[in-house]
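Peer 1:
Residue numbers (full-length UniProt numbering), protein chains in the order written: chain L, 1 to 215; chain S, 1 to 360.
#1: Could you check whether residue 109 of chain L and residue 81 of chain L sit closer than 8 Å to each other, using their CB atoms as the reference points?
#2: Do you know offhand how far residue 394 of chain S's Cα is from residue 109 of chain S's?
#3: Quick test of the definition: if touching needs 3 or more C-beta pairs under 8 Å, does the segment 107–126 of chain L touch the segment 53–66 of chain L?
#4: Which residues of chain L have a Cβ atom closer than 8 Å to the Cβ of residue 136 of chain S, listed in chain order?
#5: Got a sec: which bits of the segment 202–222 of chain S sit with their beta carbon under 7 Å from any beta carbon on chain L, in order along the chain?
#6: Could you pull the start and end residues of the alpha helix (DSSP H) that residue 41 of chain S belongs to?
#7: Between the alpha carbons of residue 165 of chain S and residue 208 of chain S, how many angstroms are there, rounded?
#8: With contact counted as at least three CB pairs below 8 Å, one residue from each stretch, are the segment 290–300 of chain S and the segment 335–343 of chain S in contact?
#9: Of all Cβ atoms in chain L, is any one closer than 8 Å to the Cβ of residue 67 of chain S?
#10: For residue 30 of chain L, list the residues DSSP reports as bridge partners.
#11: Rounded to the nearest angstrom, what separates residue 77 of chain S and residue 165 of chain L at their Cα positions?
#12: Kindly say whether residue 186 of chain S, judged by its beta-carbon, lies nearer than 8 Å to any beta-carbon of chain L.
#13: Less than 8 Å separating the beta-carbons of residue 324 of chain S and residue 295 of chain S?
#14: Taking only beta-carbon positions, decide if residue 89 of chain L is within less than 8 Å of chain S.
#15: Please list, in chain order, the chain L residues whose beta carbon lies closer than 8 Å to that of residue 232 of chain S.
#16: Can you list, in chain order, the residues of its chain whose CB lies under 8 Å from that of residue 124 of chain S, leaving out five sequence neighbours each side?
#17: Comparing alpha-carbon positions, which option in S:206, S:264 and S:169 lies nearest residue 234 of chain S?
#18: From residue 199 of chain S to residue 219 of chain S, what distance separates their C-alpha atoms?
#19: Taking the alpha carbon of residue 369 of chain S as the point to measure from, which residue in S:140, S:254 and S:202 has its own alpha carbon closest?
#20: Measuring only between beta-carbons, confirm whether residue 84 of chain S sits less than 8 Å from chain L.
#21: Is it buried or exposed, residue 313 of chain S, if we count other Cβ atoms within 10 angstroms and call 16 or more buried?
#22: Any beta carbon of chain L sitting closer than 8 Å to that of residue 157 of chain S?
#23: Please report the straight-line C-alpha distance between residue 353 of chain S and residue 251 of chain S, rounded to a whole angstrom.
#24: Is the beta carbon of residue 117 of chain L less than 8 Å from the beta carbon of residue 199 of chain L?
#25: What first and last residue would you give for the beta strand (DSSP E) that runs through residue 162 of chain S?
#26: Considering Cα atoms alone, identify which of L:104, L:77 and L:163 is closest to residue 184 of chain L.
#27: Just the C-alpha distance for residue 31 of chain S and residue 255 of chain S, rounded to the nearest angstrom, thanks.
#28: In whole angstroms, what is the alpha-carbon distance linking residue 173 of chain S and residue 192 of chain S?
#29: Using alpha carbons as the reference points, say which of L:45, L:139 and L:154 lies closest to residue 146 of chain L.
#30: Hey, how far is the Cα of residue 21 of chain L from the Cα of residue 88 of chain L?
#31: State yes or no: is the beta carbon of residue 196 of chain L nearer than 8 Å to at least one beta carbon in chain S?
#32: Between the alpha carbons of residue 342 of chain S and residue 272 of chain S, how many angstroms are there, rounded?
#33: Would you decide whether residue 367 of chain S is buried or exposed? Buried here means 16 or more other CB atoms lie within 10 Å of its CB.
#34: Only counting the same chain, and skipping five residues up and downstream in sequence, which positions put a Cβ closer than 6 Å to that of residue 213 of chain S?
#35: Within its chain, find whatever has a CB closer than 7 Å to the CB of residue 93 of chain S; leave out the 5 residues flanking it on each side and keep chain order.
#36: If you draw a straight line from the alpha carbon of residue 216 of chain S to that of residue 149 of chain S, how long is it in whole angstroms?
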C-alpha cells in the first residue's frame, strides 16, 4: 500500500512539473514585442540590413539589403506593433500576428510597395518613415507553425497590403554597397523566404504576466 | 586559583561562541538590507544599489572591501534563486547543497555590462586608439505604473564573442610605401598592403541574461548603459548596449515632472451638494476625496505627496492635481422643475456681457 502511494504521489508530481514546464518553455524561447533582433535569411546566409543609402531607381527611398557580416549594428531591427496599436513589451509574438520592423539606427520601418526592385524586377522593399512612424504599408504578418514565433524557428514574413513574402534570391549590388544582396518581395512562398532570428536583445516576458496566464 | 579558572572558562566560552557564529554562516538578508519577506524585485534593487557602493574599485583603501563584495555576491546568488532561498531559510548557509556557483563577476555584469564599471572616468578618454564596435540603443517602453513603483526587466543578450581558434590571422592591415631599386640610381615607389600576424579568433554566438532596472521616478530619454554589451570589433573592444527609457502615455494620469494631473467629471448635483469618491492610484492604493462645498467647473484640488517619486530622492514626491468638470443633466426641464430650481437656488439673473478672449 505504502509503495503504491509513493508511486502515485511521485508520478503526480512528475506530471505537474512536466505540464508546468510545457506551459512555460514556449513563452520563454519566443520572440517578444520590443526586442531588438537580427534576421538571417536561411537560404542565402545573409542578415536583413539597412543604411543611409537610397535606391537609385524605383521609389528612391532608403535601401534594404542582405549582408554577410554578423557584427554590424545596422542589421538590428526592433519588433513593434501595428501603427496605433502598440504591443505589450515582452509579450510573445503569435503566429499570424501583424507587426512592424523598425530599423534601429535610422528609425525607418521595413516597407514595401508597388515599385520594381533594381536587380531582379521583383517588388522593391525599402525602409520608410521617421522616428518609427511611416504608414500602413509598414505592416507584416509572421507566418509560422504553432502558437508563438519561436527564436530558433525559420518563419516567413508576409506583407499586409501587397501579400508578398520578404525574400532574397542572391543578386548582388556593385559599388557603393558591393557584395550586398538584394532584398525584395515575392508573391509565392518558397525556399528563398525563410528567416530566423540570430543576434539580438530579447526582452523576457514580465514575470507577473506569466503567473496570471498559469492561473 | 578560582579567578583564573573563571577567566579561562570565559575565554573558552567566547571562543566557542565566535567559532559557532562564524561557522553558522552569513546572514544574507542583513547583507542585502532586506526583510525576510522581500520580493525578488526588492532583492534585485538592493543588490544593484549596494554593488555600486561596495565595488572594490570604489573602495581601494578598505582592506575588507573584497570580502564585503564577495559576501554581497553570495547573498544575491542565494536569495535571488527560489530553490536556494528555500534551502537557506530552512537550514542556513551550511544547509545549502553544493551546487553550481556563479562567479560574482557574472552577477555584477548582468546588471552593469561586461567590462565592469568605469567609476568616474569617461570610457572615451582612455581608449582613443583602440577601435571600438558599434553601440546598440534599445528604446525600452515603460508604463507610468513602473515609473511609480520601479521594476526590473530581464533581457537575453545574444551576441558574437571572439573566441580563440587554431592558427594565425592577418590583423592591423594598412597600406605602406615600398621603395625598390630597379637599377643604379633608379628607384620605384609602390604601394603595398602590409599586415601583422595575430592569434586567430572566430566569432561565436553566446547568450547571457541582463537585468535592467526601471528606477522609480525615471524620466523619458534617460539611458541605462551596459558596458561592452554592444557589437564586437574583431581588432578591438565591443561597443556598449544602452537602454533608452520611453515613458508611455497613460489613460488616466498625465505626468508633468514629478506631478501627476488627472480629470474627474462629476454630475451637476454632485457639483452643488458635494460628493465623496476614491481615485485608484498607479500602485492600486486609493486616494480619498471628500467635497462638501460647491465645486465649480474647472476647480482644482491639490493632493500633496500623491505624485511621482523624485528620481534623485525617492522620499520626495510630487503632487496629484485633480481638475473637475461638470456634466449637466441631459433631459430638458419642464416648467414646474424650472420654478422649483428658481426657488431653491435663490440666484437672480446675472447676464454680464464681457470680452472673454482678450487676444487669445
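Note that CB positions come from ideal geometry on N, CA and C, so glycine has one too.
Just so you know, these numbers come straight off a predicted model, no measurement behind them.
Peer 2: According to the structure data:
#1: By 1-based counting over the first chain, the position of residue 81 of chain L is 81. By 1-based counting over the first chain, the position of residue 109 of chain L is 109. Cβ atoms of residue 81 of chain L and residue 109 of chain L: not closer than 8 Å.
#2: The displayed coordinates of chain S run from 1 to 360. Any statement about residue 394 of chain S would go beyond what the structure contains.
#3: yes
#4: Residue numbering aside, residue 136 of chain S sits at position 136 when the second chain is read from its first letter. The contacting residues are 36, 73, 76, 104 and 201.
#5: 203 and 205
#6: The count along the second chain starts at 1 and reaches residue 41 of chain S at position 41. First-last of the alpha helix (DSSP H) with residue 41 of chain S: 40–54.
#7: Here residue 165 of chain S refers to the residue found at position 165 of the second chain. Here residue 208 of chain S refers to the residue found at position 208 of the second chain. The straight-line gap from Cα to Cα measures roughly 22 Å.
#8: no
#9: On the second chain, residue 67 of chain S is found 67 positions in, with the first residue counted as 1. It does not: the Cβ of residue 67 of chain S has no partner Cβ on chain L nearer than 8 Å.
#10: The residue given as residue 30 of chain L occupies position 30 in the first chain. Paired residue(s): L:150.
#11: Along the second chain, read from residue 1 onward, the residue named residue 77 of chain S stands at position 77. Along the first chain, read from residue 1 onward, the residue named residue 165 of chain L stands at position 165. Their Cα atoms are separated by approximately 46 Å.
#12: Here residue 186 of chain S is taken as the residue at index 186 of the second chain, counted from 1. Chain L, which has no Cβ nearer than 8 Å to the Cβ of residue 186 of chain S, makes this no.
#13: Counting from 1 along the second chain, the entry for residue 324 of chain S is found at position 324. Counting from 1 along the second chain, the entry for residue 295 of chain S is found at position 295. Their beta carbons are under 8 Å apart, which means residue 324 of chain S touches residue 295 of chain S by this criterion.
#14: Indexing the first chain from 1 puts residue 89 of chain L at position 89. Taking Cβ atoms only, chain S reaches closer than 8 Å to residue 89 of chain L, which makes this a yes.
#15: Counting from one through the second chain, the residue named residue 232 of chain S turns up at place 232. Correct list: 71.
#16: For this step, residue 124 of chain S is matched to residue 124 along the second chain. For residue 124 of chain S, the predicted structure reports a pLDDT of 49, less than 50, and the residue's modelled location is therefore unreliable. A value from the coordinates is still provided. Closer than 8 Å at Cβ, skipping near neighbours: no residue.
#17: To locate residue 234 of chain S, count along the second chain from 1; it is residue 234. When each option's Cα is compared against that of residue 234 of chain S, the closest is S:169.
#18: Locating residue 199 of chain S in the second chain gives position 199, where the first residue counts as 1. Locating residue 219 of chain S in the second chain gives position 219, where the first residue counts as 1. So the alpha carbons of these two residues sit roughly 45 Å apart.
#19: In the structure as shown, chain S starts at 1 and stops at 360, and residue 369 of chain S therefore has no counterpart that could be examined.
#20: Along the second chain, one-based indexing puts residue 84 of chain S at 84. It does not; no Cβ of chain L falls within 8 Å.
#21: The residue labelled residue 313 of chain S in the question sits at position 313 within the second chain. Residue 313 of chain S comes out exposed.
#22: The count along the second chain starts at 1 and reaches residue 157 of chain S at position 157. Chain L contact via Cβ: present.
#23: Position 353 of the second chain holds residue 353 of chain S. Position 251 of the second chain holds residue 251 of chain S. Going from the Cα of residue 353 of chain S to the Cα of residue 251 of chain S covers about 38 Å.
#24: Translated into positions along the first chain, residue 117 of chain L becomes position 117. Translated into positions along the first chain, residue 199 of chain L becomes position 199. Not in contact: residue 117 of chain L and residue 199 of chain L (Cβ atoms no closer than 8 Å).
#25: The count along the second chain starts at 1 and reaches residue 162 of chain S at position 162. Taken as a continuous stretch (DSSP letters only), the beta strand (DSSP E) holding residue 162 of chain S covers 151–183.
#26: As a first step, residue 184 of chain L is located in the first chain; it is residue number 184 there, counting from the start. Of the candidates L:104, L:77 and L:163, the one whose C-alpha sits nearest the C-alpha of residue 184 of chain L is L:163.
#27: Within the second chain, the letter at position 31 stands for residue 31 of chain S. Within the second chain, the letter at position 255 stands for residue 255 of chain S. Roughly 36 Å separates the two Cα atoms.
#28: One-based indexing of the second chain puts residue 173 of chain S at position 173. One-based indexing of the second chain puts residue 192 of chain S at position 192. C-alpha separation (whole angstroms): 10 Å.
#29: As a position in the first chain, residue 146 of chain L is number 146, starting the count at 1. The shortest C-alpha separation from residue 146 of chain L is found at L:154.
#30: Within the first chain, the letter at position 21 stands for residue 21 of chain L. Within the first chain, the letter at position 88 stands for residue 88 of chain L. Unreliable placement is indicated for residue 21 of chain L, whose pLDDT of 41 sits below 50; no coordinate value is reported for it.
#31: Position 196 of the first chain, counted from the start, is the residue given in the question as residue 196 of chain L. With 8 Å as the cut-off, residue 196 of chain L does not count as an interface residue toward chain S.
#32: If you number the second chain from 1, residue 342 of chain S lands on position 342. If you number the second chain from 1, residue 272 of chain S lands on position 272. For residue 342 of chain S and residue 272 of chain S, the distance between alpha carbons rounds to 14 Å.
#33: As displayed, chain S neither begins before 1 nor continues past 360, which places residue 367 of chain S out of reach and without an answer.
#34: Sequence index remark: in the second chain, residue 213 of chain S carries index 213 (1-based). Within the same chain, residue 213 of chain S has close Cβ partners 48 and 152.
#35: The sequence position of residue 93 of chain S within the second chain is 93, counting from 1. Counting only Cβ-Cβ distances below 7 Å, and skipping sequence neighbours, we find 25 and 26.
#36: The residue given as residue 216 of chain S occupies position 216 in the second chain. The residue given as residue 149 of chain S occupies position 149 in the second chain. Rounded to the nearest angstrom, the two C-alpha atoms are 6 Å apart.
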